[in-house]
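**Q** Got a structure here, written out as structure tokens. Questions coming.
Protein chains: 2
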Amino acid sequence: MPNDGLVPAVRHRQGEAGPGSRRRFAADEEVYAEGDRAVHFYMVVSGAVRTYRLLSDGRRQIDGFHLPGDIFGLEAGEERRTGADAVTDTTVTAFRRSDRDALTGDAGALAREVVAAMLRALERAQDHMLLLGRKSAKERVASFLLGLSRRAGTGGAIALPMSRTDIADHLGLTIESVSRTLTQLEREGVIALPAHRRAVEVRDGAALRRLDG
Amino acid sequence: MPNDGLVPAVRHRQGEAGPGSRRRFAADEEVYAEGDRAVHFYMVVSGAVRTYRLLSDGRRQIDGFHLPGDIFGLEAGEERRTGADAVTDTTVTAFRRSDRDALTGDAGALAREVVAAMLRALERAQDHMLLLGRKSAKERVASFLLGLSRRAGTGGAIALPMSRTDIADHLGLTIESVSRTLTQLEREGVIALPAHRRAVEVRDGAALRRLDG
DNA sequence: CGGATGGTTGAGGCCGCTCAATATGCGTGG
DNA sequence: CCACGCATATTGAGCGGCCTCAACCATCCG
């Protein structure tokens, strides 16, 4: 979800004794698990969160990565249908689910933010279904990098807080395919891979966009 | 989206000079196109609607099929990000987008219905991302048939209003793979395929559920 | 009956997966 | 500062599931 100016209102509110409370998570710590009762929903303050679903044999599909400003953890029912972990050390603001329920009826800003967040989550889900259903490995990785660079807004250098395994489980690939695709893009001069492997530098954004379809 | 008792309130309302107006579409007629201005959102009264996105080279990904009771066509922005066509002859109720905007602020039932519809759409999107990212062709077809039978609620015999091409573009497969998988399931005694090919009879629901992961 | 449309079946190829080995980065302790 | 160990990433070889391309079949209509 891009930090596109819709969320700061909420972020601001929570700095002034609003309804949200801060919580902190270490890397790989669980925020909530599939099956938990959904008491809160969250906004990322710093760090990154992954939400995912599992098949009984362990196959994992990461629905999305949530970066600062993003709202996650909204549920239709009482129970968590996804799990959520911190990717790196992460701070979030927790809102009570009942706040949402109470506020959808009033004219408050939070209600509008939440509705907007839902609609944007739906749009991202649609984009991701197109990616998973109809794009090649190279196109998937290119889309992923473009999306990250758009959301991070840090220009050429993109931080990759998540592991190759996380990326693979997001893009519907294996870690080997992710790795191979990245090195291929590097050989083609589209990106550069720093030694520490947890970042990507975009060298040819136009080429990436061309791959995105 | 299952017709799970949340929508009839809206459907009822529109029978009594509510905000909705009826519109009728022939099979394969366009309800709206990608890029259109999003003036309305819709609820299916009868028939079926597909919403989809296209890549520039023509590859299509169908986000979902919308059956009677389902709400579709909600957008975060001004523009349509998906196209929508009638699958068969279809009747819908159209609501003005401004109604939603006006109503999200009041305590009205429509606002709650719309929020509930968004959350359910999000859940279905999550299920579908898991399917597209991590399931085999056989698992995809099994999930699809189970989902349809659950939503149609007609027990053993499931109507398939959509073509093999539509199913393929929904499941991220080709028509050949869909066809082969259906015949394979038939050979295994899990389903039966009537001669007219636009329905499926479930013979072994447990086997289908086992395949669903 | 004949043509059109949609669905099924077959043969072969390719992309991404599996299994396995190697490399690299990083933290820890000598 | 280097040696070592561990976790993570990369690279390679071979395989297989789904795709591609093509022929065949069924159903529906005129």
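One line per chain: the protein sequences are A and B, in this order.
With UniProt numbering applied, the first sequence covers 1 to 213.
With UniProt numbering applied, the second sequence covers 1 to 213.
Here a beta-carbon is modelled for each residue, glycine too, at the ideal position from N, C-alpha and C.
(1) For chain A, find out if any of its Cβ atoms is closer than 9 angstroms to the Cβ of H170(B); answer yes or no.
(2) Skipping 5 residues on each side, what residues in its chain have a beta carbon closer than 6 angstroms to that of A33(B)?
(3) Whole-angstrom Cβ separation of residue 217(A) and T93(A), contact assumed at under 8 angstroms?
(4) Would you say S179(A) lies against chain B (beta-carbon separation less than 9 angstroms)?
(5) What's the C-alpha gap between P161(A) and R23(A)?
(6) What is the residue span of the beta strand (DSSP E) that E123(A) lies within?
(7) Can you tell me whether E139(A) is buried or exposed, with buried defined as 16 or more other CB within 10 angstroms of its CB?
(8) So, for G213(A): in the same chain, excluding its five sequence neighbours on each side, which residues have a beta-carbon less than 7 angstroms away from its beta-carbon?
(9) Please report the residue range of the alpha helix (DSSP H) in which G205(A) lies.
(10) Closer than 6 angstroms by C-beta to S46(B): which residues in its own chain qualify, once you throw out the five before and the five after it? Chain order, please.
(11) Quick one: give me the first and last residue of the alpha helix (DSSP H) that G147(A) is part of.
(12) Relative to the C-alpha of R197(A), which residue among S163(A), D169(A) and R187(A) is closest?
(13) When you check each C-beta in the stretch 117 to 137 of chain A against every C-beta of chain B, which residues fall closer than 7 angstroms?
(14) For M43(B), is the beta carbon positioned less than 8 angstroms from some heavy atom of the ligand ATP?
(15) Residues of the stretch 46 to 62 of chain A in Cβ contact with chain B at a cutoff of 8 angstroms, in chain order, please.
(16) Identify every residue that forms a DSSP beta bridge with G77(B).
(17) Taking the straight line between their C-alpha atoms, what separation do you get for G153(B) and S56(B)?
(18) What does the alpha-carbon distance come out to for the pair G77(B) and A207(B)?
(19) Whole angstroms are fine: how far does the CA of D36(A) sit from the CA of E113(B)?
(20) My assumption, with CB atoms under 8 angstroms, is that V141(B) sits in contact with A86(B). Please give the rounded CB distance.
(21) Mind checking which residues open and close the alpha helix (DSSP H) that includes A179(B)?
(22) Taking 9 angstroms as the CB-CB cut-off, is L74(A) touching chain B?
(23) Under 9 angstroms, Cβ to Cβ, is there at least one residue of chain A near G213(B)?
(24) Count the other CB atoms within 10 Å of the CB of S21(A); is the residue buried (16 or more) or exposed (fewer)?
(25) Excluding the five sequence neighbours on either side, which residues of its own chain have a C-beta within less than 7 angstroms of the C-beta of S149(B), listed in chain order?
(26) With 16 as the cutoff for other CB atoms within 10 Å, does E75(A) come out buried or exposed?
(27) Per DSSP, which residues does M162(A) bridge with? Please list them.
(28) Rounded to whole angstroms, what's the CA-CA distance from L193(A) to V44(B)? Just pull it up for me.
(29) Using the three-state DSSP reduction, which class does A168(B) fall into: helix, strand or coil?
(30) Identify, in the order they occur along the chain, each residue of the same chain with its Cβ nearer than 6 angstroms to the Cβ of T181(A), setting aside the five sequence neighbours on each side.
(31) Within the 9 angstroms Cβ cut-off, does T82(A) reach chain B?
(32) I'd like the span of the beta strand (DSSP E) that includes A199(B), first residue to last.
(33) Could you give the distance in angstroms between the alpha-carbon of G5(B) and the alpha-carbon of V115(B)?
(34) Report the partner residues of L67(B) according to the DSSP bridge assignment.
(35) Hey, would you say Q126(A) sits closer than 9 angstroms to D63(B), going by beta carbons?
**A** In short, the structure shows the following:
(1) Interface residue, yes.
(2) Excluding positions up to five away in sequence, the list reads G83.
(3) The structure shown does not extend to residue 217(A), since chain A spans only 1 to 213, so no value can be given for it.
(4) Output row for S179(A): interface = no.
(5) One alpha carbon belongs to P161(A), the other to R23(A), and they sit about 19 angstroms apart.
(6) For E123(A), no beta strand (DSSP E) run applies; the uninterrupted alpha helix (DSSP H) run containing it begins and ends at A109 to R134, by DSSP.
(7) In summary, E139(A) is buried, with 16 or more beta-carbon neighbours lying within 10 Å of its beta-carbon over all protein chains present.
(8) Within the same chain, G213(A) has close Cβ partners K135 and E139.
(9) Counting along the chain, the alpha helix (DSSP H) containing G205(A) begins and ends at G205 to L211.
(10) Result list for S46(B): P68 and T91, in chain order.
(11) A137 to A152 is the span of the alpha helix (DSSP H), which, as asked, contains G147(A).
(12) The candidate whose alpha carbon is nearest that of R197(A) is S163(A).
(13) Listed by position along the chain: M118, L119, R120, A121, L122, E123, A125, Q126, H128, M129, L130, L132, G133 and R134.
(14) Ligands are entirely absent from the displayed structure, and the ligand ATP is therefore not among its contents.
(15) Of all residues in the stretch 46 to 62 of chain A, those with a C-beta nearer than 8 angstroms to a C-beta of chain B are R53, L55, S56, D57, R59, R60 and Q61, reading in chain order.
(16) For G77(B), which the question treats as bridged, DSSP gives no partner whatsoever.
(17) Between the C-alpha atoms of G153(B) and S56(B) there is a straight-line separation of about 37 angstroms.
(18) A207(B) has its alpha-carbon roughly 42 angstroms from the corresponding atom of G77(B).
(19) The alpha-carbon atoms of E113(B) and D36(A) are separated by roughly 24 angstroms.
(20) So it is not a contact: roughly 24 angstroms between Cβ atoms.
(21) The sequence as given places Ser at residue 179(B); Ala does not occur at that position. I175 to R187 is the extent of the alpha helix (DSSP H) around S179(B).
(22) Chain B contact via Cβ: present.
(23) Chain A, which has a Cβ nearer than 9 angstroms to the Cβ of G213(B), makes this yes.
(24) Classification of S21(A): exposed, given that the 10 Å Cβ count is below 16.
(25) Taken in chain order, the residues that qualify are I158 and V202.
(26) Looking at its Cβ environment, which holds 16 or more other Cβ atoms inside 10 Å, E75(A) is buried.
(27) None, per the DSSP bridge assignment.
(28) Distance between the alpha carbons of L193(A) and V44(B): 49 angstroms.
(29) DSSP places A168(B) in the helix class (H, G or I) of the three-state scheme.
(30) The answer, listed in chain order, is A137, K138 and V141.
(31) It does; some Cβ of chain B falls within 9 angstroms.
(32) Run containing A199(B): A199 to V202, per the beta strand (DSSP E) assignment.
(33) Low confidence applies to G5(B): its pLDDT is 33, below 50, so where it sits in the model is not reliable, and the reading given next is rough at best. For G5(B) and V115(B), the distance between alpha carbons rounds to 14 angstroms.
(34) Answer is none; L67(B) lacks a bridge partner.
(35) In this structure, D63(B) lies closer than 9 angstroms to Q126(A) by Cβ.
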